[in-house]
Structure formats: C-alpha cells, structure tokens
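**Student:**
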Amino acid sequence: MRTDLLALDAEALVRLANKGLVRRATKLLDKGKGPVCTEARDGTLQATFPDGVALTWPPATPLAAVTCSCGASAACFHAVAVALSYGDPQGTSEEPAAHRSVGTVSDDVLHEQLGPAAVARAKRWVREGLVVRLEHGPPEVAHLPSGTVRFVAADALHLAHCDVVGEERGASIAVAVWAFRAAEPGADEVMLGERASVELQDVHPVQELVATCLRAGVSQLPATLRAELAAVQERARDRGWVWVAGALADLDAQWTAYEARSAAHRGTRAASVLGELLGRTGAVVRGGTGQLLGVGEAPNTRLDYVTLMGLGARVSAHPEGHQVSVYLLDRSAGVVLVLQRVVAAGEALLEARAGRRLALSWLATGQLATRGARRSAHRTVSLAEERKGSRHERAEGVPAWSTIEAPIRVASLAAWREELAARAPRCLRPRRLAENVRVVEIAEVMRVAWSPGAQELHAWCRMASGDALQLQLAHDPATPGACGALQHILEHGCTEAAGHLAADGERLVLVPTALRTASGTVLAPALASGAPVTAPVMERSAQPRALVAALRSARTRLADLAHLGLGNAAARRSVGEVAPQLTQCGLRKAAQRMREVAEGGGVSAWADAWLTTEVSLEQLG
15 MRTDLLALDA
25 EALVRLANKG
35 LVRRATKLLD
45 KGKGPVCTEA
55 RDGTLQATFP
65 DGVALTWPPA
75 TPLAAVTCSC
85 GASAACFHAV
95 AVALSYGDPQ
105 GTSEEPAAHR
115 SVGTVSDDVL
125 HEQLGPAAVA
135 RAKRWVREGL
145 VVRLEHGPPE
155 VAHLPSGTVR
165 FVAADALHLA
175 HCDVVGEERG
185 ASIAVAVWAF
195 RAAEPGADEV
205 MLGERASVEL
215 QDVHPVQELV
225 ATCLRAGVSQ
235 LPATLRAELA
245 AVQERARDRG
255 WVWVAGALAD
265 LDAQWTAYEA
275 RSAAHRGTRA
285 ASVLGELLGR
295 TGAVVRGGTG
305 QLLGVGEAPN
315 TRLDYVTLMG
325 LGARVSAHPE
335 GHQVSVYLLD
345 RSAGVVLVLQ
355 RVVAAGEALL
365 EARAGRRLAL
375 SWLATGQLAT
385 RGARRSAHRT
395 VSLAEERKGS
405 RHERAEGVPA
415 WSTIEAPIRV
425 ASLAAWREEL
435 AARAPRCLRP
445 RRLAENVRVV
455 EIAEVMRVAW
465 SPGAQELHAW
475 CRMASGDALQ
485 LQLAHDPATP
495 GACGALQHIL
505 EHGCTEAAGH
515 LAADGERLVL
525 VPTALRTASG
535 TVLAPALASG
545 APVTAPVMER
555 SAQPRALVAA
565 LRSARTRLAD
575 LAHLGLGNAA
585 ARRSVGEVAP
595 QLTQCGLRKA
605 AQRMREVAEG
615 GGVSAWADAW
625 LTTEVSLEQL
635 G
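For the sequence shown, this note's numbering gives the first residue as 15, with consecutive numbering after it.
(1) Ordered along the chain, which non-local residues of its own chain (more than five positions away) have a Cβ less than 7 angstroms from that of D169?
(2) Give the range of the alpha helix (DSSP H) segment to which C668 is assigned.
(3) Could you tell me which residues DSSP puts in a beta bridge with S396?
(4) Can you name the start and end residues of the alpha helix (DSSP H) that T626 belongs to?
(5) Closer than 8 angstroms is the cut-off here; do at least three beta carbon pairs connect the stretch 25 to 45 with the stretch 86 to 95?
(6) Would you check if the stretch 610 to 623 and the stretch 572 to 590 touch, i.e. whether three or more CB-CB distances between them fall below 8 angstroms?
(7) Would you mind working out which of V459, P491, G467, H489 sits nearest M477, comparing C-alpha positions?
(8) Would you mind reading off the limits of the beta strand (DSSP E) that contains V336?
(9) Can you pull the DSSP bridge partners for N314?
(10) Three or more beta-carbon pairs under 8 angstroms between the stretch 289 to 306 and the stretch 353 to 367, yes or no?
(11) Which same chain residues end up closer than 8 angstroms to G129 when comparing Cβ atoms and leaving out the 5 residues on each side of it in sequence?
(12) Nearest-angstrom Cα distance between T522 and A516?
(13) Does the stretch 384 to 396 come within contact of the stretch 475 to 493, defined as at least 3 CB pairs closer than 8 angstroms?
(14) If you reduce the DSSP assignment to three classes, tell me which class M205 lands in.
(15) In whole angstroms, give me the CA-to-CA distance for Y100 and G544.
(16) Quick one: any contact between the stretch 615 to 623 and the stretch 530 to 550, if contact means 3 or more CB pairs under 8 angstroms?
(17) So is A31 buried or exposed if we call it buried at 16+ other beta carbons inside 10 Å?
(18) When you compare each of L342, R316, E334 to R328 by their alpha carbons, which one comes out closest?
(19) State the CB to CB distance for the pair A347 and H157, rounded to an integer number of angstroms; the pair is presumed to be in contact (CB under 8 angstroms).
(20) Per DSSP, what kind of secondary structure is D518 in: helix, strand or coil?
(21) May I have a chain-ordered list of the beta strand (DSSP E) segments no shorter than 3 residues that lie completely inside the stretch 439 to 501?
(22) Where does W257 fall in DSSP's three states?
(23) With a threshold of 16 other CB atoms inside 10 Å of the CB of R275, please say whether the residue is buried or exposed.
(24) Could you work out which residue in W71, D202, T493 is closest to H336 when comparing CA atoms only?
(25) Could you pull out every residue in the same chain whose Cβ sits closer than 6 angstroms to the Cβ of V350, ignoring the five residues on either side in sequence?
(26) Tell me whether S533 is buried or exposed, calling it buried when 16 or more other Cβ atoms sit within 10 Å of its Cβ.
(27) For V67, which residues of its own chain have a beta-carbon under 6 angstroms away from its beta-carbon, when the five flanking residues on both sides are left out?
(28) Between L524 and A542, is the Cβ-Cβ spacing less than 7 angstroms?
(29) What is the DSSP secondary structure of S330, counted as helix, strand or coil?
(30) Identify, in the order they occur along the chain, each residue of the same chain with its Cβ nearer than 8 angstroms to the Cβ of S418, setting aside the five sequence neighbours on each side.
(31) Going straight from the alpha carbon of T62 to that of V28, what length do you get?
(32) Pop quiz: L98 and A21 are said to be a contact at Cβ under 8 angstroms. What is the actual Cβ separation, rounded to whole angstroms?
(33) Using CA coordinates, which residue listed in W192, D216, L69, E198 is at the minimum distance from G207?
(34) Apart from the five residues just before and just after G507, which ones in its own chain have a Cβ nearer than 6 angstroms to its Cβ?
(35) So, does the stretch 193 to 205 touch the stretch 135 to 150, judging by three or more C-beta pairs under 8 angstroms?
(36) Rounded to whole angstroms, what is the Cα-Cα separation between L640 and C599?
Listed below in structure tokens is the structure:
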C-alpha cells in the first residue's frame, strides 16, 4: 500500500491544497460518489469516479502534480478525494509501521525527490550557518529562519508541507531533513554548518554611531548624523545583519518622531534600541557569532497556503495618525504575525482596511486563508492583493481558539516562567514583534475596577490552573471605547483572552488584544465602539514591588540621560540617586554600575548599567 497516502489526513490536505478543496472532496465522498482505485505493482494509483473523471497518481508525486482528466491546473478536489478515501475502511489492514524519523532519509533520496538544484541551494544555506528548531512529533516539524517544514512521513518528502514557495521549498525540506539527522535524541534545536563569523572592524561604525547618539543625546542629535545613520543601516542590510538593520530603522523612527513632537516618541524605547545595538555588537566583539546580528535570516519570505487566525489588535501613535497592529496566528508554524497599517488622522479605525475586501476589524477577530502573502524576519506579514498568485479567502465560522496549542497557549504561571527562563536576553535574541502575544484561559472573572489616576481598567481573574491573572488596559484617546468594551465583555462572560503577556510576582499580567466570549464570539477592544467605563473606582492603585520599582526607576533615569546626553550633569546625578534604592533591594552590582555612570562613566558604563537593568527586569517577568 502507499504509505504516503495513508499519512494524509484532512488537516495535512488543507495545508497541501486548501480548505475549499477538502470541503468539496468530503461532500463528494459523503454522497457516495467516491473513486474506485486500483494500484499497480510499481505503486501507481489509478482512480475512476462515477462521472467518468480518471486520475493517475504515481509514487513520489506531489498533490499538485497529479494527472487528472478534470483539467485542473493545480491540485484538484478529485486528488484530495482519493487521498481521503485511500486505505482500508473496514479496518482489516495490518498495524501501521512504527514511526520513522525523516533524519533517516539519505542524501540519495533527497537528490531523487527534491532535485540536485534544491540540494545544492540547501548546502549553500548550511555553509552560511543556521539554527533550526525542531518538534519531534509525529508529525515532525522543523522551524527554519526562512519558514516551517511539516513532514507527513519519512518516505513522503514530496508531500511535506512547507510554508514557503518557489525554489526555497525544496531547499527548506533538505535542510529540515539534515537538521533531524544531526540533532541529538530529543534535542529541540540544532546548529547546522559553521557559526557565522563577523569581521570586527565591520561592527565599529555601528558602535561609533550609537556612541555619538549617547554623547550628544537623542534630543539634540546633529542633522549631519542622519546621512551617517542611513549609510550604516544600508551597510548592515548589505551584510545580512537583519536585526541590526531593524534596530537602526527603529532608531531612525524614534528620531523622526521626536523631531515631529509626535506621541510615537518614547524615551525608553529610544534608549532600548541604543542599548540593544551595543549589546549585540559587544557580544560579537567578545566572541559571539553573526547570528546575533541577524546573519542567516531571510529578510522576506513568500508564503504558500496558510490559515491566519485573528488574535486582536493594538493601536499606537504614529507621526501620520495611528498605527494599527493586527495579530494573526499562523498555527501550522506556531508563530504570531503582525499586520501593520497606518490610519491617517481623522480616518475612522473601524473603517480602515488591509485591502479592498479586508477590513482590519474583521482580520483582528476572523480567520483568513491566504496564499502568496509575505512574511518578514521580524514576523510582519503583507497581504498585498495585487500580487500575482495571491489569493485571500475568509474562513467560515469563528476562529477555533480551542485548537491553539503551547507555546502560544499558556496554561499556567509556571509554564510561562519556564519559557522565559529558556530565552536569551531580549537584546540578543531574534527581533520578533509579537513574541509575547499569548492566549490564556479564564476560569473566573472575580472583580473589575477603574484606576482614575493611571486611567486604566483592571480585572482580577482566575485561570483553570488556579493561578492569578490580571488584565490591564490603559485608556488611549485614539481608542476611546476600548476600556468600556473590555468591561462589557468581562461582565457578560469571557472564557479566553489574547494579548501581551508578562509576569508580576505570583500572577500573570495580560494587556488584552482580543477576548473570546462564552458564545464563541471574538472581540478586539481596541477596534470596538464601547460605552463609557462604569466600573467601580479602585481604592488605591497597587504599588509595584520595591525591587521592580527600583529597577524601573533606574531604567527611566538612564533613558533620560540618553535623551539629554551623557554630559548632562543633572541627569547623571539623577542616575546616581537610585543606587541606594537598588542596594537596599540586594542589587549591589546594578547599584555600582549606576554610580559609575553618575561619576562620569562613558558609553560603556551606560551600556553596562542599561543592560543590567533591562535583563533584571526581564528575568522578573
């Protein structure tokens, strides 16, 4: 029997074809109009349908390359029907063979099934060095920098689902096979090839640029520095330093926002970018690899057929109006993507669109089947409708949040702590825009209250695990109905929430982007027209723990110093004033570094103090 076809279930066929074809094939089989199949000795399958359509499916043939008399130019629902109906419906066949890892597949098989060109391309990728994250399954899944490969079976590479298209598909499958072959038993990550090296003189222009910004202060950068920033950013892109180029773009955006006196400028954000650039380049100087700079990451990848599930939206200030960030879960890859659109001042957020037929408010709460979208290394996604080969279809019904699995679904505080502990510091890990967007289950909403001083709505909840969960949403003039909408949802039944997750002591804290009601409806507060908040006023705002308060104060003062310049005496003294508070909390090393900055320490002293503060806050949740 054809073991490759036996491994094809409905979910795998949706990825290989699309949901519409699977639906049509299922209806055909339900009506009793399925195929009559005969199998030749060489494994070639001949299928005939009652209406006379004939299909031939040779071994090692992708679904889209099956020959069918219906005349379809790509995968057809007849081939899907054959795959769905293949096997022994009476259950009398022998037990299925034990799972065999794709790591056992030989290079000869790779050449035969993928072609020499794909294997040669994969070898070039490996020579440059890349890290692959693995799920051992079954099914076995490999997460490459360029995309995700999900295997149906070891002897069916032609049916592997890869979310990239074109020449990169075969190369991605070959690299995934090598990754499983090279991995230690049970290992969830493997390094292929040599770790990317960097000429140290290449990072000096980045460090000098950051040093100039810190000495002068972000608030008074000379106009001549703009051209230097553009040149350094261009050189970073040419060298494939994706993370460095992204950070430099963020720095330029913060500079532009400050010059325009826009609310998009944040002093702590600008300081964070400067600290990240010094952290990445400093780690490379001390022996780190080019992966810390983004070497080996594909700046943009064209996606094959994917289903994107809306996890809500967030609205932030932008020099031209407001930026709407819609969060979309690619469940097959296990990543959250971000679709960003700038809505001009005066334009209604509820009417903003991602395309001619796709309203942002629908995308944030619906489910989209799409082919031909593009995904960036930073996990933004583009759904340009005019692109050749693109197709976007609204999936029927409401998003099935119940199908979301870990790590996107967080079941407990302990699980989140474990994930945080396994991460590298933010300044060194890949720059993913929605890395902390998660889904949590709400067992009970115990209390909702309004903090007039902070202009925030708070909700105290209990998770199914028994852990405490607090939802927090700040009022924003751009989304005046958000807090009222959140209160209404919470008071009328909420079972799950999606948003930016953090930990604070013995509780999880979530800034919600979407909530799922008991009836299954998904709502995004930021894009809702809610009534005014009527929740009772909080007696007093909860104060952060002394340790967290001290670190946040240190971060704010270091950001102020970066804003005003390292030579500003008053800002330096302010940095030193927080050292006793840090010492009282037991953070002696952090206190010493703050004193070094206050006493006139230069760029390296500021960088050490900033990174110590940031990493400490990150470890706390």
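In this text, a Cβ means the ideal position worked out from N, Cα and C, and glycines have one as well.
**Tutor:** On the basis of the data shown:
(1) Within the sequence shown, residue 169 is the residue found at index 155, counting from 1. Correct list, in chain order: T17, D18.
(2) No answer is possible for residue 668: it lies beyond the span of the chain, which begins at 15 and ends at 635.
(3) Translated into positions along the sequence shown, residue 396 becomes position 382. Answer by DSSP bridge pairing, in chain order: R388.
(4) Your numbering for residue 626 matches position 612 in the sequence shown. Taken as a continuous stretch (DSSP letters only), the alpha helix (DSSP H) holding T626 covers 617 to 633.
(5) yes
(6) yes
(7) Within the sequence shown, the letter at position 463 stands for residue 477. Comparing Cα positions, the closest option is V459.
(8) Working through the sequence shown from its first residue, we reach residue 336 at position 322. Sequence inspection shows His at residue 336; the Val mentioned does not correspond to that position. 335 to 344 is the extent of the beta strand (DSSP E) around H336.
(9) Locating residue 314 in the sequence shown gives position 300, counting from the first residue. S390, per the DSSP bridge assignment.
(10) no
(11) By 1-based counting over the sequence shown, the position of residue 129 is 115. Closer than 8 angstroms at Cβ, skipping near neighbours: G184.
(12) Counting from one through the sequence shown, the residue named residue 522 turns up at place 508. Counting from one through the sequence shown, the residue named residue 516 turns up at place 502. Before going further, note that residue 522 is Leu rather than Thr in the sequence given. Roughly 6 angstroms between the two C-alpha positions.
(13) no
(14) Within the sequence shown, residue 205 is the residue found at index 191, counting from 1. In the structure shown, M205 sits in a strand (DSSP, three-state: E or B).
(15) What you label residue 100 is simply residue 86 of the sequence shown in a count that begins at 1. What you label residue 544 is simply residue 530 of the sequence shown in a count that begins at 1. Approximately 52 angstroms, taken between the alpha carbons.
(16) no
(17) As a first step, residue 31 must be located in the sequence shown, where it is residue number 17. Result: buried.
(18) Stepping through the sequence shown from its first residue, residue 328 is reached at position 314. Looking at the Cα atoms, L342 is the closest of the given residues.
(19) The residue labelled residue 347 in the question sits at position 333 within the sequence shown. The residue labelled residue 157 in the question sits at position 143 within the sequence shown. Confirmed, Cβ separation roughly 7 angstroms.
(20) As a first step, residue 518 is located in the sequence shown; it is residue number 504 there, counting from the start. The answer is strand: DSSP assigns D518 an E or B state.
(21) 451 to 455, 458 to 465, 470 to 476, 482 to 488
(22) As a position in the sequence shown, residue 257 is number 243, starting the count at 1. W257 falls in the helix class under three-state DSSP.
(23) By one-based count along the sequence shown, residue 275 stands at place 261. It counts as exposed.
(24) To locate residue 336, count along the sequence shown from 1; it is residue 322. It is T493 whose Cα lies nearest to the Cα of H336.
(25) Here residue 350 is taken as the residue at index 336 of the sequence shown, counted from 1. Y341, L343, A448, V451.
(26) Within the sequence shown, residue 533 is the residue found at index 519, counting from 1. Burial call: exposed.
(27) Here residue 67 refers to the residue found at position 53 of the sequence shown. Hits under 6 angstroms: S83, C84, H92.
(28) For the purposes of this step, residue 524 is taken as the residue at position 510 of the sequence shown. For the purposes of this step, residue 542 is taken as the residue at position 528 of the sequence shown. Not in contact: L524 and A542 (Cβ atoms no closer than 7 angstroms).
(29) For the purposes of this step, residue 330 is taken as residue 316 along the sequence shown, with counting starting at 1. Residue state, collapsed to three classes: strand.
(30) For the purposes of this step, residue 418 is taken as the residue at position 404 of the sequence shown. In the sequence on display, residue 418 carries Ile and not Ser. M323, L343, R345, V453, listed in sequence order.
(31) For this step, residue 62 is matched to residue 48 along the sequence shown. For this step, residue 28 is matched to residue 14 along the sequence shown. Rounded to the nearest angstrom, the two C-alpha atoms are 23 angstroms apart.
(32) Locating residue 98 in the sequence shown gives position 84, where the first residue counts as 1. Locating residue 21 in the sequence shown gives position 7, where the first residue counts as 1. No, L98 and A21 are not in contact; Cβ-Cβ is about 12 angstroms, not under 8 angstroms.
(33) On the sequence shown, position 193 is the one that residue 207 refers to. Considering only alpha carbons, the answer is W192.
(34) Working through the sequence shown from its first residue, we reach residue 507 at position 493. Cβ within range, chain order: T531, A532.
(35) yes
(36) The chain is shown only over 15 to 635; residue 640 falls outside these bounds and no answer can be derived.
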